[in-house]
DNA sequence: CTGAAAGCGCTTACAG
DNA sequence: CTGAAAGCGCTTACAG
């Protein structure tokens, strides 16, 4: 960052303090071997010249990078700045967790189709990867296997699956779906539509669907496949899916959207068709993004604990890097009641 | 990222291809000197062993880092995951712009009070810094001067001020304020309250205030200091400021909030006091965050072009790094009409 | 066109 | 407690 002739190195400090460069390094690394007086002289020199260790060199020597890479990928959209707000909240908590752990965080947006595995791991730019983003799991899975084969340390945010390559931290989507199902049942709703892909391609959404179904089954009911419409996590998809649902002409009294973005789009479509929420149709989302508080009516949704999630992702990745024991884990989901489902 | 014994280096490639390590490096850097046949052999070896260049070593040798650091700081709140959505949008566009320019992006959240200048620049972790965040400019200014003195390359997002240390890219806040003022006047509003700090401590907010004032002055009116209440960019501050405004008992027919977050808080306070928006009071914000579309009524606000902003920040920083000419610049503001101000 | 060698700025056994 | 030296994995003048 400085002009080249200015750049202060540990040798300059050594000269100024009248010691060897090795001793400067020892002081800077808090070695207990150094004499108190020597240490003081070195520290004074460091302050005087405003020196700080060159991390590139230090990391090269230590065979580490001191950096974690966060790869945020989005499947369909490459639309600038329209990142799912939920992931942005995750990004915030991951950044803080990494900083607390003494790691820098490299952030990169990727297309799911990109060749992201070699880039960070292989080039030693990062000690480990955090993968964030929903996409078609079945096409994504192969890349995870490549990462594993390559010896890359990584943790993925998403559904915890039995035979998955690598580890993941995720919300208990099954439980979240069940909470929504039970809530809607308690409100007297019976014909619950689901907006979102519900297949093994999108395990997070699928679990939400199945959780809701489980709640219905416990009451002797079941989700009706005729009321399920595919949608990815975007407002436009939610809008389109809700319109498609209405066009089907099947009666429904509730909409469970696989994400808040989908729910927001659905709210718009419902309003356009004169369907009153929550009087005629209950609507629930998933994620509790900031905008969920401001929709009309305010959206009942399932909150994932992003703050713990970030900490847990970093924690697990660090365990992997340090060779300690590490395992996939699920975080509890929490129902957030607002107005879009109606009074209990 | 690999276990140590596995790590492939350029020497392994050299052995396999039967050339010197220097030649491998030449091939990887696209040197025109290399014989076609030799190049092919090396490339085959690279593929076979799945090699990629160790960027730490390469950067050390080249005396660069290939990395830009984005320092996002927030003044009052250290509250997890409650980052201003506007900055998150900026983060998205900066990340993409950095990637397009071939730079990695290191992201870090900082407290304004932290000692952030030495950390990235001095330690050669980044070739340049992008500073993002509003805070008390007067206390912040000293740090900028330290960066300049230190020879650090940086670009700041914020107001372009005449005598500022370093460069900045910012929205034309004065113009944005003027647009709001003119719009409110056109709606017949005369007593416009301003929620947000309006002093040299917060130049962005101050410019928005002065822009609005300029519009009033052009009509022979002026902002009334009795209707200005300090607030930082948060919903809570906006709520508190609007309550304080109401408590003052001075009549007002419009609220210009210095940011959307403030506006959203104000909307809540106004609703609680039974003041109808937009019938009795017009409300306008600034930033056009995603949630602005979902408030009731939807928020009229001023959009900043985050997408160009990110590109321009990166562009300017790279010019600085390459020693080219670089200058502060302002981006135009754009009024986004929704329902919170009423019909024109 | 290619190789041997120096050097980027550190850390840490190895001697003393 | 301290110094001289090796080495992390590259890039690039310098010779040939």
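Protein chains in written order, with full-length UniProt numbering: chain L, 1 to 344; chain Y, 1 to 344.
Note that the Cβ used here is the ideal one computed from N, Cα and C, for glycine as well.
With 7 Å as the threshold, decide whether the Cβ of residue i is near any Cβ in chain Y.
{"i": "residue 143 of chain L", "result": "no"}
{"i": "residue 149 of chain L", "result": "no"}
{"i": "residue 334 of chain L", "result": "no"}
{"i": "residue 318 of chain L", "result": "no"}
{"i": "residue 290 of chain L", "result": "yes"}
{"i": "residue 104 of chain L", "result": "yes"}
{"i": "residue 417 of chain L", "result": "Since the first residue of chain L shown is 1 and the last is 344, residue 417 of chain L is not available in this structure."}
{"i": "residue 130 of chain L", "result": "no"}
Determine, for residue i, whether the minimum Cβ-Cβ distance to residues of chain L falls below 7 Å.
{"i": "residue 242 of chain Y", "result": "no"}
{"i": "residue 88 of chain Y", "result": "yes"}
{"i": "residue 210 of chain Y", "result": "no"}
{"i": "residue 59 of chain Y", "result": "yes"}
{"i": "residue 122 of chain Y", "result": "yes"}
{"i": "residue 54 of chain Y", "result": "yes"}
{"i": "residue 285 of chain Y", "result": "no"}
{"i": "residue 18 of chain Y", "result": "no"}
{"i": "residue 237 of chain Y", "result": "no"}
{"i": "residue 107 of chain Y", "result": "yes"}
{"i": "residue 169 of chain Y", "result": "no"}
{"i": "residue 11 of chain Y", "result": "no"}
{"i": "residue 83 of chain Y", "result": "yes"}
{"i": "residue 92 of chain Y", "result": "yes"}
{"i": "residue 301 of chain Y", "result": "no"}
{"i": "residue 256 of chain Y", "result": "no"}
{"i": "residue 345 of chain Y", "result": "This structure cannot speak to residue 345 of chain Y, because chain Y is shown only from 1 to 344."}
{"i": "residue 194 of chain Y", "result": "no"}
{"i": "residue 294 of chain Y", "result": "yes"}
Determine the contact status of residue i and residue j, defining contact as a CB-CB distance below 7 Å.
{"i": "residue 39 of chain L", "j": "residue 27 of chain L", "result": "yes"}
{"i": "residue 231 of chain L", "j": "residue 195 of chain L", "result": "yes"}
{"i": "residue 73 of chain Y", "j": "residue 110 of chain Y", "result": "yes"}
{"i": "residue 313 of chain Y", "j": "residue 169 of chain Y", "result": "yes"}
{"i": "residue 296 of chain Y", "j": "residue 338 of chain Y", "result": "no"}
{"i": "residue 147 of chain Y", "j": "residue 90 of chain Y", "result": "no"}
{"i": "residue 95 of chain Y", "j": "residue 106 of chain Y", "result": "no"}
{"i": "residue 71 of chain Y", "j": "residue 108 of chain Y", "result": "yes"}
{"i": "residue 291 of chain Y", "j": "residue 303 of chain L", "result": "no"}
{"i": "residue 165 of chain L", "j": "residue 138 of chain L", "result": "no"}
{"i": "residue 331 of chain Y", "j": "residue 179 of chain Y", "result": "no"}
{"i": "residue 189 of chain L", "j": "residue 320 of chain L", "result": "no"}
{"i": "residue 167 of chain Y", "j": "residue 328 of chain Y", "result": "yes"}
Using DSSP with H/G/I as helix, E/B as strand and the rest coil, what is residue i?
{"i": "residue 190 of chain L", "result": "coil"}
{"i": "residue 128 of chain L", "result": "strand"}
{"i": "residue 258 of chain L", "result": "coil"}
{"i": "residue 161 of chain L", "result": "coil"}
{"i": "residue 109 of chain Y", "result": "strand"}
{"i": "residue 195 of chain L", "result": "strand"}
{"i": "residue 316 of chain Y", "result": "helix"}
{"i": "residue 339 of chain L", "result": "coil"}
{"i": "residue 232 of chain Y", "result": "coil"}
{"i": "residue 154 of chain L", "result": "strand"}
{"i": "residue 279 of chain L", "result": "coil"}
{"i": "residue 139 of chain L", "result": "helix"}
{"i": "residue 322 of chain Y", "result": "coil"}
{"i": "residue 31 of chain Y", "result": "coil"}
{"i": "residue 94 of chain Y", "result": "helix"}
{"i": "residue 290 of chain L", "result": "helix"}
{"i": "residue 83 of chain Y", "result": "coil"}
{"i": "residue 23 of chain L", "result": "helix"}
{"i": "residue 203 of chain Y", "result": "helix"}
{"i": "residue 176 of chain L", "result": "helix"}
{"i": "residue 237 of chain Y", "result": "helix"}
{"i": "residue 59 of chain Y", "result": "helix"}
{"i": "residue 46 of chain Y", "result": "helix"}
Going by DSSP, name the residue or residues bridged to residue i.
{"i": "residue 345 of chain Y", "result": "Residue 345 of chain Y is absent from the model: chain Y starts at 1 and stops at 344."}
{"i": "residue 71 of chain Y", "result": "Y:108, Y:131"}
{"i": "residue 284 of chain L", "result": "L:256, L:300"}
Spell out a yes or no on whether the region 204-217 of chain L and the region 269-279 of chain L are touching, meaning 3 or more CB-CB pairs, one atom from each, closer than 8 Å. no
Do the region 303-311 of chain L and the region 5-15 of chain Y meet, that is, are 3 or more Cβ pairs less than 8 Å apart? Contact between the region 303-311 of chain L and the region 5-15 of chain Y is absent, because fewer than three Cβ pairs lie under 8 Å.
Flag this pair as touching only if the region 261-268 of chain L and the region 56-70 of chain L have three or more C-beta atom pairs under 8 Å; answer yes or no. no
Evaluate contact between the region 239-254 of chain L and the region 214-222 of chain L, counting only Cβ atoms and requiring at least three cross-stretch pairs below 8 Å. Put simply, the region 239-254 of chain L does not touch the region 214-222 of chain L. Fewer than three CB pairs are less than 8 Å apart.
Does the region 173-190 of chain L come into contact with the region 282-295 of chain L, if we say contact requires no fewer than three beta-carbon pairs (one atom in each stretch) closer than 8 Å? yes
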